[in-house]
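Chains D and B, in that order, are what the protein sequence lines are. Here this note's numbering is used: the first residue of the first sequence is 1, the next is one more, and so on. Here this note's numbering is used: the first residue of the second sequence is 594, the next is one more, and so on. Every residue gets a Cβ at the ideal spot worked out from N, C-alpha and C, and that includes glycine.
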Amino acid sequence: MSALPLAFLGGVDPWIFALSLITVGLTIYMGFRSAKSSKTAGDFFVAGRSVSVGWNASAISGEYLSAASFMGIAGMVMAVGYDALWYPVCYACGYLFLLLFIAGPLRRFGAYTIPDFAEGRYDSPVFRKIAVCFVLFIGFFYTMPQMKGAGTTLAYIFPGLPYWVGVAVVGAVITLNVALGGMKGITLVQAMQYWLKLFAITVPVFVLMAVFGGYGSNLGVNDGRVLTAPAISSSVEASLLAPAASSEIVRKPLGEKAPADAAWISPFGPLTTKAAKAAGLTPEQSKPYSLLYTYSLIIALVCGTAGLPHILVRFYTNPDGVAAKRTTMWVMILIGVFYVFPPVLGVIGRNLLPELYAATGAKGTDKVVLELPRILHEHYGVWGSILSGVACAGAFAAFMSTFSGLLVSMTGAVAHDVYGRMLRPNATPEQRMRMFKFAAIGIGGVSVILGSQVEQLQINFMVGQAFAIAAASYFPLLFMSVWWRGMTMKGAATGMLGGGIAALLCMTLINLNDLKMIDLKAFWAGHPLLRILCEQPAIWSVPLAIGLMIVVSKATSKDIPKDIRMKMLVLHAPEQLGLKNEYIQEHQAGAGH
Amino acid sequence: MPHSTDRADTIHSEAFLASLMRRQLRLSIACAAAFLVALLGLPLANYFAPALMATRVGGFTLTWLIVGVLFFPYVWLISGIFIKRSLKLEADEAKEVLK
């Protein structure tokens with residue numbers, strides 16, 4: 001590599017570069033265009049509450065399918081095999097929990113954000129301040145993997161570019177877009193991005209399956225067969241060139257770092273047995289630990305989906321509760337269809353790109369989605385590059401849309417709650433709009449700094465952590481507040497803080513250890529159970545939060561809001577009865593705030 | 594209007610709220626149970642019947658086929674049923690007090 005300042009442009013594939021640039025350009029253009037049509041503060045926060053079911057469902061899906069879904073799942077399936085499948089399943093199915101227990105009541109209650117709900121349900125501005133913290137905690141944990149996705153993708157497009165530069169460039173572009181466009185722009189952009197992502201994952205999958213054999217056939221060769229490992233790699237290339245039309249599936253020999261077939265394809269593999277293995281337990285002894293890990297992971301992902309702040313806010317952009325429910329149904333279908341595909345790339349990647357096992361960080365398995373279509377280069381020339389470019393465009397859509405959504409809800413929390421409610425309640429709409437822009441820039445900056453530190457962590461793993469924090473904080477808060485009238489503000493706050501902060505600390509500890517900033521290796525080796533409970537805390541932190549809520553609420557039962565029956569009616573009675581307006585009138589007459 | 598006062602009394606009665614919440618919760622829990630039995634049962638099946646779950650079906654292991662592909666339509670089915678029932682439930686509840 002030369003020392004020229006433009007050295008990073010060396011080795012850039014023009015097709016991949018062009019398709020990525022078009023995606024970024026279009027996103028920015030649409031953001032600016034819609035910035036012109038969004039004027040009031042209400043437009044910025046919930047898009048004027050007038051988004052149709054189809055648009056809203058596409059936009060929610062577009063926002064939800066993050067870098068973890070687009071790149072991380074395939075990377076993780078390739079790295080650890082079967083155990084990683086729980087992620088896509090629970091990402092999709094967690095939505096069901098949201099639909100069953102939370103979406104309807106929350107929508108009827110009507111509030112811009114979760115902190116609005118927290119304040120309204122308990123008549124407590126103090127509680128709002130506590131609730132707001134978690135928008136930021138969860139948000140930052142969720143932005144880190146998006147930033148890793150950005151850094152990985154840019155490092156793939158520009159092979160000479162350092163990881164952190166990619167993070168900084170993408171972070172700056174999106175921050176600017178959000179500061180100028182707000183959420184109204186984002187609804188349209190994100191809806192389009194869902195379809196782009198679906199296209200960008202399905203087309204490479206179908207082409208690769210047509211050339212290299214189907215999903216099942218590619219899994220089928222992972223049966224522990226001994227691969228005749230040719231010493232010279234060029235003969236592997238030659239075997240790749242052989243027509244795949246024959247029933248024989250092409251498979252390259254695995255490197256040393258790759259898990260063996262049996263461990264990879266079976267449940268309780270490398271992901272869930274890691275802690276027990278480090279402690280030197282036998283496979284038989286470590287199985288119960290794996291089961292525990294699996295359950296804790298499932299709880300975190302399912303409950304966490306129901307407590308993600310940037311997803312919940314979207315329920316308020318539906319015109320009514322019926323539309324909110326229909327939207328959720330469509331979201332489940334849209335994301336469910338999507339989630340079938342990323343694991344396919346992980347499976348084919350294991351067979352055809354095993355060299356990724358040897359690399360780490362931005363060059364490791366997390367980039368399999370981007371790199372895999374390029375294999376077609378050897379058969380079909382430029383089409384390999386074009387397909388890889390399509391995959392990169394999808395990756396851009398993935399981390400850009402999720403990062404924008406997170407930035408809007410975090411900025412909303414700071415501008416709407418911290419500034420508009422706490423610091424300057426009398427601020428004019430102009431001041432609030434200006435604050436929205438400043439807050440967006442500040443939060444975008446912090447996200448870039450955090451994102452540049454996490455190159456060595458898996459994208460999907462980090463998103464799982466954000467879910468675990470949401471599962472132990474917002475999920476218990478929403479679930480219990482909606483269904484149990486005995487909850488008091490103190491109970492809700494204690495439970496949310498207890499469960500949420502416990503999970504947050506565990507995650508921080510695990511990440512600092514995995515990034516080698518602190519060294520707990522010896523301790524973990526002696527206490528595999530503690531390592532699992534710290535890495536996947538949901539199995540104890542969710543019950544802890546709910547338990548604290550019940551105990552403290554019982555102890556402070558005299559503080560139950562006086563109009564609790566009315567509140568419960570608003571949460572549960574059909575919207576046709578018009579209780580919402582009645583409630584607002586009573587509330588304004590009575591409480592006077 | 595005495596008629597509308599009656600209606601307001603019904604809506605604001607303890608009995609109405611209790612039945613409202615009970616019916617909604619029953620529906621939600623029934624749907625959640627159908628979902629959780631399958632989701633939480635799978636790791637158990639993997640644990641206690643590893644040979645069965647490792648049976649090859651067109652290249653897939655049985656458990657991979659279920660988790661990676663078949664689970665999604667199952668969840669769509671549950672949510673479809675839930676939405677249909679809960680919209681009907683709301684319509685009934687509204688009809689009861691507005692009749």
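Practice item. Alpha carbon to alpha carbon, how far is D/Met30 from D/Trp55? Give it in angstroms, no decimals. Key: Locating residue 55 of chain D in the first sequence gives position 55, where the first residue counts as 1. Locating residue 30 of chain D in the first sequence gives position 30, where the first residue counts as 1. For D/Trp55 and D/Met30, the distance between alpha carbons rounds to 15 Å.
**Item:** Length at least 4, wholly inside the region 495-573 of chain D: the alpha helix (DSSP H) runs in chain order
**Value:** 521-526, 528-535, 538-555 and 564-572
Check whether the region 108-125 of chain D and the region 415-423 of chain D touch, using three or more Cβ-Cβ pairs below 8 Å as the test. yes
Would you say D/Glu575 lies against chain B (beta-carbon separation less than 9 Å)?
In the first sequence, residue 575 of chain D corresponds to position 575, counting from 1. D/Glu575 counts as touching chain B.
(Q) Against B/Thr654, what residues of chain D qualify as contacts under a CB-to-CB distance less than 7 Å, listed in chain order? (A) Position 61 of the second sequence, counted from the first residue, corresponds to residue 654 of chain B. Result: Ile265.
Note to self: Tell me which residue opens and which closes the alpha helix (DSSP H) that D/His379 is part of.
What the structure shows: For this step, residue 379 of chain D is matched to residue 379 along the first sequence. Per DSSP, D/His379 belongs to the alpha helix (DSSP H) from His377 to Tyr380.
(request) Check the Cβ-Cβ distances between B/Leu691 and every residue of chain D, and say whether any is below 9 Å. (result) Position 98 of the second sequence, counted from the first residue, corresponds to residue 691 of chain B. At least one C-beta of chain D is nearer than 9 Å to the C-beta of B/Leu691.
If you count every other CB in all the chains shown that lies within 10 Å of the CB of D/Asn351, and 16 or more means buried, which is it? Along the first sequence, read from residue 1 onward, the residue named residue 351 of chain D stands at position 351. Label assigned to D/Asn351: buried.
Cβ contact (3+ pairs, closer than 8 Å) linking the region 170-177 of chain D and the region 191-198 of chain D: no
Q. Below 9 Å between beta carbons: does that hold for D/Ser447 and D/Met71?
A. Here residue 447 of chain D refers to the residue found at position 447 of the first sequence. Here residue 71 of chain D refers to the residue found at position 71 of the first sequence. No; because the gap between Cβ atoms is not below 9 Å, this pair is not in contact.
| query | So is D/His572 in contact with chain E if we call contact Cβ pairs under 9 Å? | reply | The structure shown has no chain E; the protein chains it does contain are D and B.
- Query: Nearest chain D C-beta to B/Leu645 closer than 9 Å, yes or no?
  - Reply: The residue given as residue 645 of chain B occupies position 52 in the second sequence. So no, B/Leu645 is outside the interface.
ask   = Does the beta-carbon of D/Ile22 have 16 or more other beta-carbons within 10 angstroms, so that it is buried, or is it exposed?
value = One-based indexing of the first sequence puts residue 22 of chain D at position 22. By the 10 Å Cβ count, D/Ile22 comes out exposed.
- Message: Using C-beta distances below 6 Å, list every residue in its chain close to D/Asn222, excluding the 5 sequence neighbours before and after it, in chain order.
- Response: Within the first sequence, residue 222 of chain D is the residue found at index 222, counting from 1. Cβ neighbours of D/Asn222 beyond the five flanking positions: Asp261 and Ile265.
| For D/Lys437, the first and last residue of its enclosing alpha helix (DSSP H) | Walking along the first sequence from the start, residue 437 of chain D turns up at place 437. Pro429 to Gly451 is the span of the alpha helix (DSSP H), which, as asked, contains D/Lys437.
| query | Can you tell which of B/Gly652, B/Thr656 and B/Gly634 has its C-alpha closest to the C-alpha of B/Ala644? | reply | Position 51 of the second sequence, counted from the start, is the residue given in the question as residue 644 of chain B. It is B/Thr656.
Query raised in the report: Which residue or residues does DSSP assign as beta-bridge partners of B/Val650?
Result: By one-based count along the second sequence, residue 650 of chain B stands at place 57. As DSSP reads the structure, B/Val650 sits in a beta bridge with B/Phe653.
* **Beta carbon of D/Asn511 nearer than 9 Å to that of D/Ala84** => To locate residue 511 of chain D, count along the first sequence from 1; it is residue 511. To locate residue 84 of chain D, count along the first sequence from 1; it is residue 84. Their beta carbons are not under 9 Å apart, which means D/Asn511 does not touch D/Ala84 by this criterion.
Q.
Does the CB of D/Val596 have a neighbour CB from chain B at under 9 Å?
A. The question about residue 596 of chain D has no answer, for chain D in this structure spans 1 to 593.
* To do: Ignore the nearest five residues each way along the sequence and tell me which others in D/Ala74's own chain have a CB closer than 6 Å to its CB.
  => For the purposes of this step, residue 74 of chain D is identified with residue 74 of the first sequence, where counting begins at 1. Same-chain partners within the cutoff: Pro342, Leu345, Gly346, Val368 and Val369.
>> Let's see if you can read the secondary structure: which residues bound the alpha helix (DSSP H) around D/Tyr82?
In response: As a first step, residue 82 of chain D must be located in the first sequence, where it is residue number 82. Element bounds for D/Tyr82: n/a, residue is neither H nor E.
Continuous alpha helix (DSSP H) stretch holding D/Gly54: start and end = Counted from its first residue, the first sequence places residue 54 of chain D at position 54. It spans Val53 to Tyr64 - the alpha helix (DSSP H) in which D/Gly54 sits, taken as one unbroken run.
(Q) If I follow the unbroken alpha helix (DSSP H) through B/Gln617, where does it start and stop? (A) Position 24 of the second sequence, counted from the first residue, corresponds to residue 617 of chain B. Run containing B/Gln617: Glu607 to Phe641, per the alpha helix (DSSP H) assignment.
| message | Just to confirm before moving on: does the CB-CB distance between B/Val668 and B/Phe609 stay below 9 Å? | response | As a first step, residue 668 of chain B is located in the second sequence; it is residue number 75 there, counting from the start. As a first step, residue 609 of chain B is located in the second sequence; it is residue number 16 there, counting from the start. No, they are not a contact pair.
Measure the C-alpha to C-alpha separation of D/Cys506 and D/Glu535 and round it to an integer number of angstroms. The residue you call residue 506 of chain D lines up with position 506 of the first sequence. The residue you call residue 535 of chain D lines up with position 535 of the first sequence. Taking the straight line from one Cα to the other gives about 7 Å.
Measure from the alpha carbon of D/Gly638 to the alpha carbon of each residue in D/Leu457, D/Gly451, D/Trp540 and D/Gln576, then state which is nearest. One cannot answer for residue 638 of chain D here, as it falls past the ends of chain D, which runs 1 to 593.
Drop a sphere of 10 angstroms on the beta-carbon of D/Tyr357, count the other beta-carbons inside from all chains shown, and report buried for 16 or more, exposed for fewer.
Against the first sequence, residue 357 of chain D aligns to sequence position 357. The residue is buried, with at least 16 neighbouring Cβ atoms inside 10 Å.
Could you please give the first and the last residue of the uninterrupted alpha helix (DSSP H) stretch that includes D/Met329?
Counting from 1 along the first sequence, the entry for residue 329 of chain D is found at position 329. For D/Met329, the enclosing alpha helix (DSSP H) stretches over residues Gly321 to Tyr339.
Review point. Under 9 Å between the Cβ atoms of D/Phe212 and D/Ile249?
Key: Counted from its first residue, the first sequence places residue 212 of chain D at position 212. Counted from its first residue, the first sequence places residue 249 of chain D at position 249. For D/Phe212 and D/Ile249, yes; Cβs fall inside 9 Å.
Range covered by the alpha helix (DSSP H) that runs through B/Trp669:
As a position in the second sequence, residue 669 of chain B is number 76, starting the count at 1. Looking at the DSSP string, the run of the alpha helix (DSSP H) that includes B/Trp669 is Phe664 to Leu691.
Which word fits D/Asn218, buried or exposed, when buried means at least 16 other C-beta atoms lie within 10 angstroms of its C-beta?
-> Residue 218 of chain D sits at position 218 when you count from the first residue of the first sequence. Flag for D/Asn218 reads buried.
- Task: Please work out which residues of its chain come closer than 8 Å, Cβ to Cβ, to D/Pro373, disregarding the five sequence neighbours upstream and downstream, and give them in chain order.
- Result: What you label residue 373 of chain D is simply residue 373 of the first sequence in a count that begins at 1. Cβ neighbours of D/Pro373 beyond the five flanking positions: Pro204, Val207, Leu208, Gly384, Leu387, Ser388, Val390 and Ala391.
**Message:** When you compare the CB positions of D/Ser296 and D/Pro145, do they come within less than 9 Å of one another, or not?
**Reply:** Sequence index remark: in the first sequence, residue 296 of chain D carries index 296 (1-based). Sequence index remark: in the first sequence, residue 145 of chain D carries index 145 (1-based). Going by C-beta atoms, D/Ser296 is not nearer than 9 Å to D/Pro145.
message: Less than 6 Å between C-beta atoms, sequence neighbours within five positions excluded: which residues of the same chain meet that for D/Val77?
response: The residue you call residue 77 of chain D lines up with position 77 of the first sequence. Same-chain partners within the cutoff: Ala84, Pro343 and Gly346.
Option in D/Asn426, D/Asp366, D/Ala200 and D/Leu291 with minimal Cα separation from D/Ile16
As a working note, residue 16 of chain D is residue 16 in the first sequence. Out of D/Asn426, D/Asp366, D/Ala200 and D/Leu291, D/Ala200 has the C-alpha closest to the C-alpha of D/Ile16.
What is the rounded straight-line gap between the Cα of D/Ser20 and the Cα of D/Gly166?
The sequence position of residue 20 of chain D within the first sequence is 20, counting from 1. The sequence position of residue 166 of chain D within the first sequence is 166, counting from 1. Computed Cα separation, rounded: 13 Å.
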